[in-house]
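Peer 1: Got a structure for you, questions after.
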Amino acid sequence: GDSVTQTEGPVTLSEGTSLTVNCSYETKQYPTLFWYVQYPGEGPQLLFKVPKANEKGSNRGFEATYNKEATSFHLQKASVQESDSAVYYCALSETNNNAGAKLTFGGGTRLTVRP
Amino acid sequence: EAAVTQSPRSKVAVTGGKVTLSCHQTNNHDYMYWYRQDTGHGLRLIHYSYVADSTEKGDIPDGYKASRPSQENFSLILELASLSQTAVYFCASSWAGGREQYFGPGTRLTVL
Numbered sequence: 114g115d116s117v118t119q120t121e122g123p124v125t126l127s128e129g130t131s132l133t134v135n136c137s138y139e140t141k142q143y144p145t146l147f148w149y150v151q152y153p154g155e156g157p158q159l160l161f162k163v164p165k166a167n168e169k170g171s172n173r174g175f176e177a178t179y180n181k182e183a184t185s186f187h188l189q190k191a192s193v194q195e196s197d198s199a200v201y202y203c204a205l206s207e208t209n210n211n212a213g214a215k216l217t218f219g220g221g222t223r224l225t226v227r228p
Numbered sequence: 046e047a048a049v050t051q052s053p054r055s056k057v058a059v060t061g062g063k064v065t066l067s068c069h070q071t072n073n074h075d076y077m078y079w080y081r082q083d084t085g086h087g088l089r090l091i092h093y094s095y096v097a098d099s100t101e102k103g104d105i106p107d108g109y110k111a112s113r114p115s116q117e118n119f120s121l122i123l124e125l126a127s128l129s130q131t132a133v134y135f136c137a138s139s140w141a142g143g144r145e146q147y148f149g150p151g152t153r154l155t156v157l
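Same order as they appear, the protein sequences are chains D and A.
Residues are numbered in this note's numbering as their position in the first sequence, beginning at 1, plus a constant of 113.
Residues are numbered in this note's numbering as their position in the second sequence, beginning at 1, plus a constant of 45.
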């Protein structure tokens, strides 16, 4: 079956430093890739998605490129803020399945940004 | 206004007891999902549904049942709650042709 592996947390950074959260995936299909963010006490919310290989997604200064050859989708941000402290999930959705938008999630990476 | 709501937001149950978690969505989505969240495991799919009165098994369905009485409502039922079912449970919805899911705020379940 499908699987997603991402950087194990927790990750602690100082404000203004750069962030990379690694994400690798395995699937036999042609997935859409996602990054979700979860703030304390809330459900996960979509950060952005990329449906096609070799394309880049971005939102709120975060970005990731869908690298089909390397089966990777690493999340990056040049300069993190304290408000970015959250848990980040990489996920994939198969293009052809009977479960609609069935998602497979990575284990999550908890980011803490110190002021 | 929140489009996916869950109730209760937290619950303490006794081992062997019955627990029902409820989810309501106003997104007019066809698909609804139940996940559990455990530290280190991310979110794992328990059951899902793509039409009222029908449910499907997800990746970890054992010990859980689901009910979809209407497009808007989706329940997760633990007939005999066990300690191992202590977790945070999330409901989500999506439209048929889309890929992204929209999550509720979660229910924290503690089984003692």
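For glycine and all other residues, C-beta sits at the position ideal for the given N, C-alpha and C.
What whole-angstrom Cβ distance do valine 49 of chain A and asparagine 72 of chain A have, given they're in contact under 8 Å?
Peer 2: Here the question's residue 49 of chain A lines up with position 4 in the second sequence. Here the question's residue 72 of chain A lines up with position 27 in the second sequence. Their Cβ separation, rounded to whole angstroms, is 7 Å, which keeps valine 49 of chain A and asparagine 72 of chain A in contact under 8 Å.
Peer 1: On the CB-based measure, 16 or more other CB atoms within 10 Å of its CB, does glycine 61 of chain A come out buried or exposed?
Peer 2: For this step, residue 61 of chain A is matched to residue 16 along the second sequence. By the 10 Å Cβ count, glycine 61 of chain A comes out exposed.
Peer 1: Which residue's Cα is closest to the Cα of tyrosine 109 of chain A: A:Ala126, A:Gly149, A:Val57, A:Thr84?
Peer 2: Looking up residue 109 of chain A in the second sequence gives position 64. Minimum Cα distance to tyrosine 109 of chain A is reached at A:Ala126.
Peer 1: Under 8 Å between C-beta atoms, does phenylalanine 119 of chain A make it to chain D?
Peer 2: Taking the second sequence and counting its residues from 1, the one referred to as residue 119 of chain A is at position 74. Answer no: the Cβ-Cβ gap between phenylalanine 119 of chain A and chain D never drops below 8 Å.
Peer 1: Could you tell me whether the Cβ of tyrosine 109 of chain A comes closer than 8 Å to any Cβ of chain D?
Peer 2: The residue labelled residue 109 of chain A in the question sits at position 64 within the second sequence. Not closer than 8 Å to any Cβ of chain D, the Cβ of tyrosine 109 of chain A fails to qualify, so no.
Peer 1: Can you check whether the C-beta of threonine 145 of chain D is within less than 8 Å of a C-beta belonging to chain A?
Peer 2: If you number the first sequence from 1, residue 145 of chain D lands on position 32. Yes, its Cβ sits closer than 8 Å to a Cβ of chain A.
Peer 1: For the beta strand (DSSP E) containing lysine 223 of chain D, list its first residue and its last residue.
Peer 2: Against the first sequence, residue 223 of chain D aligns to sequence position 110. The amino acid at residue 223 of chain D is misidentified as lysine; the sequence shows arginine. Unbroken beta strand (DSSP E) run through arginine 223 of chain D: 222–227.
Peer 1: So if I threshold CB-CB distances at 9 Å, which residues from the region 149–166 of chain D count as touching chain A?
Peer 2: Tyr149, Gln151, Gly154, Glu155, Gly156, Pro157, Gln158, Leu159, Lys162, Pro164
Peer 1: Kindly list the residues whose CB is nearer than 6 Å to the CB of phenylalanine 147 of chain D, restricted to its own chain and excluding five residues on each side of it in sequence; keep chain order.
Peer 2: As a position in the first sequence, residue 147 of chain D is number 34, starting the count at 1. Counting only Cβ-Cβ distances below 6 Å, and skipping sequence neighbours, we find Lys162, Ala204.
Peer 1: Would you list the one or two residues that DSSP bridges to leucine 160 of chain D?
Peer 2: Counting from one through the first sequence, the residue named residue 160 of chain D turns up at place 47. DSSP output for leucine 160 of chain D lists no bridge partner at all.
Peer 1: Under 7 Å Cβ-Cβ, which residues of chain B neighbour leucine 216 of chain D?
Peer 2: Absent here is chain B; the protein component of the structure consists of chains D and A.
Peer 1: Pull up the distance between the alpha-carbon of alanine 141 of chain A and that of leucine 88 of chain A, whole angstroms please.
Peer 2: For the purposes of this step, residue 141 of chain A is taken as residue 96 along the second sequence, with counting starting at 1. For the purposes of this step, residue 88 of chain A is taken as residue 43 along the second sequence, with counting starting at 1. Going from the Cα of alanine 141 of chain A to the Cα of leucine 88 of chain A covers about 21 Å.
Peer 1: Any idea what DSSP makes of serine 112 of chain A, helix, strand or coil?
Peer 2: Residue mapping note: residue 112 of chain A aligns to position 67 of the second sequence, counting from 1. Of the three classes helix, strand and coil, the one that applies to serine 112 of chain A here is strand, per DSSP.
Peer 1: Could you tell me whether any Cβ in chain D is nearer than 8 Å to the Cβ of histidine 86 of chain A?
Peer 2: Counted from its first residue, the second sequence places residue 86 of chain A at position 41. So yes, histidine 86 of chain A belongs to the interface.
Peer 1: Looking at C-alpha atoms only, which residue of D:Gln194, D:Ser185, D:Arg223 is the closest neighbour of threonine 130 of chain D?
Peer 2: For the purposes of this step, residue 130 of chain D is identified with residue 17 of the first sequence, where counting begins at 1. Nearest of D:Gln194, D:Ser185, D:Arg223 to threonine 130 of chain D, Cα basis: D:Gln194.
Peer 1: If contact means a Cβ-Cβ distance below 9 Å, which residues of the region 86–102 of chain A contact chain D?
Peer 2: Within the region 86–102 of chain A, the qualifying residues are His86, Gly87, Leu88, Arg89, Leu90, Tyr93, Tyr95, Glu101.
Peer 1: Does glycine 220 of chain D get closer than 8 Å to chain A when you measure Cβ to Cβ?
Peer 2: Position 107 of the first sequence holds residue 220 of chain D. Answer yes: the Cβ-Cβ gap between glycine 220 of chain D and chain A drops below 8 Å somewhere.
Peer 1: Between the C-alpha atoms of leucine 224 of chain D and proline 123 of chain D, what's the straight-line distance to the nearest angstrom?
Peer 2: Counting from 1 along the first sequence, the entry for residue 224 of chain D is found at position 111. Counting from 1 along the first sequence, the entry for residue 123 of chain D is found at position 10. Distance between the alpha carbons of leucine 224 of chain D and proline 123 of chain D is about 6 Å.
Peer 1: Would you mind reading off the limits of the beta strand (DSSP E) that contains glutamate 139 of chain D?
Peer 2: Sequence index remark: in the first sequence, residue 139 of chain D carries index 26 (1-based). First-last of the beta strand (DSSP E) with glutamate 139 of chain D: 136–139.
Peer 1: Is tyrosine 201 of chain D close to chain A? Criterion is C-beta to C-beta, closer than 8 Å.
Peer 2: Working through the first sequence from its first residue, we reach residue 201 of chain D at position 88. Taking Cβ atoms only, chain A never reaches closer than 8 Å to tyrosine 201 of chain D, which makes this a no.
Peer 1: If we cut at 8 Å on Cβ distances, does proline 53 of chain A have a partner in chain D?
Peer 2: Looking up residue 53 of chain A in the second sequence gives position 8. So no, proline 53 of chain A is outside the interface.
Peer 1: Hey, could you find the ends of the beta strand (DSSP E) tryptophan 79 of chain A is sitting in?
Peer 2: Start at 1 with the first residue of the second sequence, and residue 79 of chain A comes out as number 34. Here the beta strand (DSSP E) through tryptophan 79 of chain A covers 76–83.
Peer 1: Indicate the three-state DSSP secondary structure (helix, strand or coil) for glutamine 119 of chain D in the structure shown.
Peer 2: Against the first sequence, residue 119 of chain D aligns to sequence position 6. It is a strand residue.
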